Amino acid sequence: MSENNFDLIVVGGGPGGYVCAIRAAQLGMNVACVEKRGSLGGTCLNVGCIPSKALLQSSHHYEAAAHEFASHGISTGKLSINVKEMIARKDKIVSELTQGIEYLFKKNKVTYIKGAGEITSADKVTVAPEKGKKQVLTAENIVIATGSEVTPLPGVEIDEKQIVSSTGALDITAVPKKMIVIGGGVIGLELGSVWRRLGAEVTVVEFLDSILPGMDGEVCKQMLRTLKKQGMNFKLGHKVTSAKKAKTGVTLTVEPKAGGDAETIKADTVLVSIGRRPYTQSLGLEKAGVEVDERGFVKVDHDLQTNVPGIFAIGDVIGGIMLAHKAEEEGVAVAEAIAGQSAHVNYDAIPGVVYTWPEVGVIGKSEESLKKDGIAYKKGKFPFTANSRAKSTSETEGFVKVLADAKTDRLLGVHIVGPIAGDLVMEAAVCMEFGGSAEDLARTCHAHPGYGEALKEAAMGVDGWSIHI
Ligand code: FAD
Ligand code: NAI
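Numbered per this note's numbering, the sequence shown spans residues 40 to 508.
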């Protein structure tokens, strides 16, 4: 086999691509992973999941010190935040993790090729490095894992200084006095929380009448109430139509979506977080004959194969929920399928987490979607105010809701707003993967005092026998 000939070429080194490459190497393939960013880990490790969680943690500590320590009898004196140090800590974490993936590539003998990949035919990828000559790689199979990019908002041009995307919002050098967040989805609420906790006056402008659209209605309502109580402002049912920049800040024109008078609002920093779109720029999809849908997502079949045999696609670039762990599952499935194993992704059991505080952890069907699909269900709900662990940590905001099939008791959905909701929901994920029932959760012994007891009690509530409420 020549140096440029591989069993598999993965284009894109994000959570979809790097996991696929490692799994394929584990299964005995000679794998190359082409990445143009200059570091591995994709959006997630470089400018997404990890840096945002690092800042959420720093700002969480700051808020706890400012507002919660006193009730424990701890006094801190005058608090201050050194934004530079906070950002440097975040950068260090990112750098350690991205280098960690390089180590994993070496360990698994995956060839890491730095440069932009272009698929020039069903078995060829041309790589243009930042400097130097192009090289042509060949392989029997190619996986497209090129991810997504920020959806721009016409009239509100991102400069990553005054008007930032999520990437710029991770690198703000001083806490803005006023921040406007356009879009009340996951990014808006997480990064809006970071800067609000550190002292910014944050207003979220959301086009729809609810934040976190698509999530269970009770979760959306609870989160709106909770975030308002924390001091975040909301303008629901409004759209931003233009932005005017000046040295003193940005003036946005905002209109009710239902029609009516426009108004202007001013901010030092504006965050545009209205979603992400597939990234396939200069990838050569047309040359290779790979079809995309009307929104630009690469079209794949049940086996994640495109219309061109031997070319597969995974992760954000194929759409569906844009989450790192969904991309990873698809990466593993494709590698195993190419190796001749039977592989599939269970899209019904992919958890979603919003890392605000309290967190949101959800999996499976919402009540709204069950009603829409005409599925009869039973419901159990338990508030954290009645959970003794939550009482002892003063983290009583939120609830657990368990939805189960009315006839079979099979677990259909779990929706949590509360402390460590993102970890609690994993218990439901395992139960759902095993086709478990609400009773399975209800009759599983949970350590006391634990937040998990709220999940158990909600599951008991499905059959009306919650004890502590
Ligand atoms: P990506 O991670 O986008 O990776 C694609 C890679 O391909 C990129 O590195 C890109 O440089 C490279 N590439 C593109 N074109 C080429 C080419 N032609 N040649 C070579 N390389 C190329 N998800 C979660 O599950 N949990 C979270 O907490 C979370 N937080 C997030 C926070 C933010 C601020 C953002 C923006 C996203 C967050 N996400 C989170 C979403 C998550 O980052 C994505 O779902 C995930 O990164 C998708 O993985 P991927 O491998 O499909 O694509
Ligand atoms: P999103 O799709 O979650 O939210 C976008 C919001 O913007 C929606 O509420 C939408 O109604 C609103 N919107 C759209 N156009 C608008 C307009 N013109 N004016 C006002 N509001 C408008 O997208 P977001 O937050 O940008 O995140 C992108 C992706 O990144 C998501 O798919 C998410 O899955 C992923 N992500 C995941 C995280 C996690 O798992 N914790 C954290 C951050 C991002």
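Virtual Cβ for every residue (Gly too), placed ideally from N, Cα, C.
Source: prediction; values computed, not measured.
Secondary structure note for K418: its beta strand (DSSP E) is the uninterrupted segment 416 to 422.
The C-alpha of V339 lies about 15 Å from the C-alpha of A374. One Cα belongs to G77, the other to G154, and the distance between them is close to 8 Å. Judged by the Cβ position, H364 qualifies as a neighbour of the ligand FAD at the 7 Å threshold, a heavy atom of the ligand being closer than this. Within 7 Å of the C-beta of E74 there is at least one heavy atom belonging to the ligand FAD. Not a single heavy atom of the ligand FAD lies less than 7 Å from the C-beta of K129. Rounded to the nearest angstrom, the Cβ distance from L136 to I221 is 29 Å, too far for a contact under 8 Å.
Rounded to the nearest whole angstrom, the C-alpha separation of I183 and V225 is 25 Å. Each of R316, S321, W396, P348 was checked against the Cα of G359, and the nearest Cα belongs to R316. The C-alpha of L442 is placed about 14 Å away from the C-alpha of G413. Taking C-alpha positions only, Q174 is separated from S160 by approximately 14 Å. If you compare the alpha carbons of E141, L463, T432, E199 with that of K284, the shortest gap goes to E199. Boundaries of the alpha helix (DSSP H) around Y142: 122 to 147. Counting along the chain, the unbroken alpha helix (DSSP H) around Y57 starts and ends at 54 to 65.
Judged by DSSP secondary structure, M218 falls within the beta strand (DSSP E) whose first and last residues are 217 to 221. In this model, D210 and L322 are separated by some 29 Å (Cα to Cα).
Judged by DSSP in its simplified three-state form, S431 adopts helix. Taking a 10 Å sphere around the C-beta of R264, we find fewer than 16 other C-beta atoms and assign the residue as exposed. With a cutoff of 7 Å, D502 does not count as near the ligand FAD, since its C-beta is closer than that to no heavy atom of the ligand.
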